[in-house]
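Peer 1: In our numbering, the protein residues as written are 14 to 489.
Note that the Cβ used here is the ideal one computed from N, Cα and C, for glycine as well.
Have a look at this one.
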Ligand SMILES: Cc1cc2nc3c(=O)[nH]c(=O)nc-3n(C[C@H](O)[C@H](O)[C@H](O)COP(=O)(O)OP(=O)(O)OC[C@H]3O[C@@H](n4cnc5c(N)ncnc54)[C@H](O)[C@@H]3O)c2cc1C
């Protein structure tokens with residue numbers, strides 16, 4: 014009854030931007046994790062102040078609000094787990110470049126690839142590059158502190174944030190930081206919002222730091238007979254002075270999948286090897302110096318290597334990396350995709366553990382990812398219609414998480430916790446640490462309306478059927 018009253022007020026204030034037709038609500042009832050939840054209304058705000066209106070009403074009537082960008086998170090963080098309202102910031106666009114101060118001021122609904130195209134046309138560079146860049150929004154990137162392949166040299170989204178503006182869960186307008194190179198005024202609540210998965214506020218604008226666009230890029234693909242040899246080469250290269258813009262690893266099952274997809278071996282002389290992919294960038298002189306180092310490094314340990322002589326050849330190399338993700342669906346129709354991190358010198362231990370999990374749990378696992386950061390994507394492939402196999406995959410996943418923490422690592426390096434990793438939070442955080450986080454949440458969101466059910470409450474309903482909806486990135 015009370016919710017009907019709140020909805021009526023909302024509709025009178027925001028008109029057609031509020032939708033309640035179940036068919037229209039469906040696409041926002043889940044995110045990339047594909048677990049759907051019923052909810053009441055979808056609100057596509059078109060002006061920043063409307064966010065304040067929505068939050069004030071939600072507070073008054075105690076209605077859960079889940080903020081949403083493109084819904085590409087893989088963790089359930091953008092799904093309305095407690096129903097209520099979904100607040101979409103996709104229509105809050107706008108890009109203003111300031112080449113003198115090297116900044117971009119953006120709306121949260123701007124798609125990352127759109128920003129990068131404009132920035133690069135102006136001779137500048139915005140490095141964060143999650144693989145979902147053609148679809149995901151900057152609001153989602155900021156709320157997840159998104160990473161990607163270039164983190165090894167350039168860091169994560171949070172490293173580029175000068176200031177954020179938006180609304181507290183109570184509906185008050187705030188600006189954290191200012192569009193300045195340096196700013197030390199009070200607590201750094203800008204960093205608190207970054208990576209908070211939409212639980213502490215709604216971002217309605219951001220000023221981001223830009224870099225000069227690198228003059229040149231150079232790409233190299235290397236094959237190693239074993240995964241351990243490839244990961245040892247990562248350490249050898251970094252210790253030897255390589256400064257990669259990207260350094261990616263593909264285990265043998267990932268390579269086998271990519272080769273099957275391509276219909277031919279990647280290196281004819283050594284099929285089924287583990288691969289590394291390297292990209293260097295910078296000024297022509299920097300790239301030339303680093304290239305000499307990289308070729309000597311390749312000679313030291315790789316069974317074979319191939320440099321990309323043209324942008325078209327480079328694209329071919331990176332297509333291999335992209336192909337392994339979709340190719341692994343031959344191993345199962347469902348994926349538990351983890352983004353764990355371990356210290357660089359424990360990646361080999363992690364791979365040994367994965368092999369042990371494959372054998373003991375009889376589950377297909379493929380590993381690839383950002384070896385230069387120790388951030389590996391461990392993909393547990395299984396068949397949704399086979400409950401025994403699903404159960405084995407989940408048990409293997411639980412063991413992986415415990416091992417990651419034992420190795421001194423982290424249960425998430427870039428996707429965040431959401432619903433998917435909430436059962437493992439207590440493995441990572443001491444109770445004093447999670448209590449401090451809950452206290453922050455309580456202070457900023459006393460009614461607990463913003464994205465409730467995420468991060469802190471262990472989500473255990475794994476048996477819910479997953480939506481078979483096809484997202485734009487499924488067609489890529
Ligand atoms: C194919 C694919 C590849 C991916 N590759 C990577 C990768 O390489 N690296 C990586 O880090 N991630 C990756 N991801 C995960 C995902 O794309 C990123 O987390 C992305 O940053 C999410 O952006 P989004 O616009 O889709 O946000 P959504 O999924 O809509 O939302 C994500 C979170 O942000 C919150 N949020 C959204 N907008 C706002 C706002 N305006 N204010 C406050 N909170 C907000 C939501 O409540 C939710 O908690 C990938 C996902 C897919 C599907």
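Do residue 239 and residue 176 have their beta-carbon atoms positioned less than 8 Å apart in this structure?
Peer 2: Your numbering for residue 176 matches position 163 in the chain shown. Your numbering for residue 239 matches position 226 in the chain shown. Not closer than 8 Å, so no.
Peer 1: Would you kindly work out how many angstroms separate the C-alpha atoms of residue 373 and residue 236, rounded to a whole number?
Peer 2: Stepping through the chain shown from its first residue, residue 373 is reached at position 360. Stepping through the chain shown from its first residue, residue 236 is reached at position 223. Rounded to whole angstroms, residue 373 to residue 236 spans 28 Å at the Cα level.
Peer 1: Have a look at residue 108 and residue 377 and give me their C-alpha separation to the nearest angstrom.
Peer 2: Position 95 of the chain shown, counted from the first residue, corresponds to residue 108. Position 364 of the chain shown, counted from the first residue, corresponds to residue 377. Those two C-alpha atoms are separated by around 43 Å.
Peer 1: Counting only the same chain and skipping the five closest in sequence on each side, list residues whose C-beta sits under 8 Å from that of residue 206.
Peer 2: Against the chain shown, residue 206 aligns to sequence position 193. So the list reads 155, 156, 177, 179, 189, 213, 214, 216, once near-sequence residues are dropped.
Peer 1: Run the proximity test for residue 165: is its beta-carbon closer than 7 Å to any non-hydrogen atom belonging to ligand 1?
Peer 2: To locate residue 165, count along the chain shown from 1; it is residue 152. Not so, every heavy atom of ligand 1 lies at least 7 Å from the Cβ.
Peer 1: Using a Cβ-Cβ cutoff of less than 8 Å, which residues in the same chain neighbour residue 272 once the five nearest sequence positions on both sides are dropped?
Peer 2: The count along the chain shown starts at 1 and reaches residue 272 at position 259. Counting only Cβ-Cβ distances below 8 Å, and skipping sequence neighbours, we find 278, 279, 284, 285.
Peer 1: Touch check for the region 71-79 and the region 133-143: three-plus C-beta pairs under 8 Å?
Peer 2: No, because fewer than three Cβ pairs between the region 71-79 and the region 133-143 fall closer than 8 Å, the two stretches do not touch.
Peer 1: Would you kindly check if the distance between the Cβ of residue 384 and the Cβ of residue 247 is under 8 Å?
Peer 2: For the purposes of this step, residue 247 is identified with residue 234 of the chain shown, where counting begins at 1. For the purposes of this step, residue 384 is identified with residue 371 of the chain shown, where counting begins at 1. Yes, these two residues count as a Cβ contact at 8 Å.
Peer 1: Tell me, to the nearest whole angstrom, how far the beta carbon of residue 6 is from that of residue 307; I am working on the premise that it is less than 8 Å.
Peer 2: Because residue 6 is not part of the residues shown, which for the chain are 14 to 489, the question remains open.
Peer 1: Could you check if residue 10 belongs to the surroundings of ligand 1, using beta carbon to heavy atom distance under 7 Å?
Peer 2: Nothing in the structure corresponds to residue 10, since the chain is present only between 14 and 489.
Peer 1: Is the Cβ-Cβ distance between residue 457 and residue 182 less than 8 Å?
Peer 2: Stepping through the chain shown from its first residue, residue 457 is reached at position 444. Stepping through the chain shown from its first residue, residue 182 is reached at position 169. Closer than 8 Å, so yes.
Peer 1: Tell me which residue opens and which closes the alpha helix (DSSP H) that residue 407 is part of.
Peer 2: As a working note, residue 407 is residue 394 in the chain shown. Here the alpha helix (DSSP H) through residue 407 covers 400-419.
Peer 1: I'd like the list of long-range same chain contacts for residue 228, defined as Cβ closer than 6 Å, with 5 residues on each side in sequence excluded.
Peer 2: Numbered from 1 along the chain shown, position 215 holds the residue referred to as residue 228. Result list for residue 228: 296, 297, in chain order.
Peer 1: Measuring straight from C-alpha to C-alpha, what distance separates residue 313 and residue 242?
Peer 2: The residue you call residue 313 lines up with position 300 of the chain shown. The residue you call residue 242 lines up with position 229 of the chain shown. Going from the Cα of residue 313 to the Cα of residue 242 covers about 11 Å.
Peer 1: Closest to residue 382 by CA distance: which of 282, 200, 163 is it?
Peer 2: The residue labelled residue 382 in the question sits at position 369 within the chain shown. Residue 382 has its Cα closest to that of 163, out of 282, 200, 163.
Peer 1: Does the Cβ-Cβ distance between residue 45 and residue 86 come in under 8 Å?
Peer 2: Along the chain shown, one-based indexing puts residue 45 at 32. Along the chain shown, one-based indexing puts residue 86 at 73. Contact flag set, yes.
Peer 1: Can you find the residues in the same chain that come closer than 6 Å, C-beta to C-beta, to residue 244, ignoring five residues on each side of it along the sequence?
Peer 2: On the chain shown, position 231 is the one that residue 244 refers to. Answer for residue 244: 360, 361, listed in chain order.
Peer 1: Grouping DSSP H, G and I as helix and E and B as strand, with all else coil, what is residue 229?
Peer 2: Within the chain shown, numbered from 1, the residue matching residue 229 stands at position 216. Three-state DSSP puts residue 229 in a strand.
Peer 1: Output the residue ranges of the alpha helix (DSSP H) runs that lie fully inside the region 74-123 and measure 4 residues or longer, sorted by chain position.
Peer 2: Within the region 74-123, no run of alpha helix (DSSP H) at least 4 residues long lies entirely inside it.
Peer 1: So who's on the other strand from residue 179, going by DSSP bridges?
Peer 2: Reading the chain shown from its first residue, position 166 is the one you call residue 179. Beta-bridge pairing by DSSP links residue 179 to 187, 216.
Peer 1: With distance defined between alpha-carbon atoms, name the residue in 174, 145, 173, 151 nearest to residue 161.
Peer 2: Numbered from its first residue, the chain shown carries residue 161 at position 148. The residue with the shortest Cα to Cα distance from residue 161 is 145.
Peer 1: Is it true that the CB of residue 53 sits closer than 8 Å to the CB of residue 20?
Peer 2: The residue labelled residue 20 in the question sits at position 7 within the chain shown. The residue labelled residue 53 in the question sits at position 40 within the chain shown. Yes, the pair counts as a contact, with Cβ atoms nearer than the cut-off.
Peer 1: What's the C-alpha gap between residue 387 and residue 355?
Peer 2: Here residue 387 is taken as the residue at index 374 of the chain shown, counted from 1. Here residue 355 is taken as the residue at index 342 of the chain shown, counted from 1. If I take the Cα positions, the gap works out to 5 Å.
Peer 1: Looking only at C-alpha atoms, which of 65, 423, 16 sits nearest to residue 76?
Peer 2: By one-based count along the chain shown, residue 76 stands at place 63. Minimum Cα distance to residue 76 is reached at 16.
Peer 1: Note down, one range per segment and in chain order, each beta strand (DSSP E) of at least 3 residues found wholly within the region 366-403.
Peer 2: Counting only runs of at least 3 residues, the region 366-403 fully encloses the following beta strand (DSSP E) elements, listed from N- to C-terminal order: 377-383, 388-395.
Peer 1: Using CA coordinates, which residue listed in 33, 41, 22 is at the minimum distance from residue 482?
Peer 2: Taking the first residue of the chain shown as 1, we reach residue 482 at position 469. Measuring from the Cα of residue 482, the nearest candidate turns out to be 41.
Peer 1: For residue 173, does the count of other Cβ atoms within 10 angstroms reach 16, so buried, or fall short, so exposed?
Peer 2: Taking the first residue of the chain shown as position 1, residue 173 is located at position 160. Burial call: buried.
Peer 1: Indicate the three-state DSSP secondary structure (helix, strand or coil) for residue 70 in the structure shown.
Peer 2: The residue you call residue 70 lines up with position 57 of the chain shown. Helix, per DSSP.
Peer 1: Buried or exposed for residue 422, going by 16 or more other Cβ atoms inside 10 Å?
Peer 2: Looking up residue 422 in the chain shown gives position 409. Buried is the call here.
Peer 1: Please report the Cβ distance between residue 397 and residue 479, rounded to the nearest whole angstrom; I am assuming they are in contact, meaning their Cβ atoms lie under 8 Å.
Peer 2: Your numbering for residue 397 matches position 384 in the chain shown. Your numbering for residue 479 matches position 466 in the chain shown. Confirmed, about 7 Å.
Peer 1: Nearest to residue 467 by alpha carbon, out of 95, 371, 255?
Peer 2: The residue given as residue 467 occupies position 454 in the chain shown. Nearest of 95, 371, 255 to residue 467, Cα basis: 95.
Peer 1: May I ask you to list the residues that DSSP assigns as paired with residue 348?
Peer 2: Numbered from 1 along the chain shown, position 335 holds the residue referred to as residue 348. Residue 348 pairs with 394.
Peer 1: Considering only the alpha carbon of each residue, which of 231, 431, 142 lies closest to residue 324?
Peer 2: Here residue 324 refers to the residue found at position 311 of the chain shown. Measuring from the Cα of residue 324, the nearest candidate turns out to be 231.
Peer 1: Would the beta-carbon of residue 253 fall within 8 Å of that of residue 331?
Peer 2: Walking along the chain shown from the start, residue 253 turns up at place 240. Walking along the chain shown from the start, residue 331 turns up at place 318. No.
Peer 1: Compare the Cα-Cα distances from residue 400 to each of 342, 425, 335, 476 and report the closest residue.
Peer 2: Translated into positions along the chain shown, residue 400 becomes position 387. Checked all of 342, 425, 335, 476; the closest Cα to residue 400 is 476.
Peer 1: Residue 248 lies in the alpha helix (DSSP H); which residues open and close that run?
Peer 2: Position 235 of the chain shown, counted from the first residue, corresponds to residue 248. Residues 240-252.
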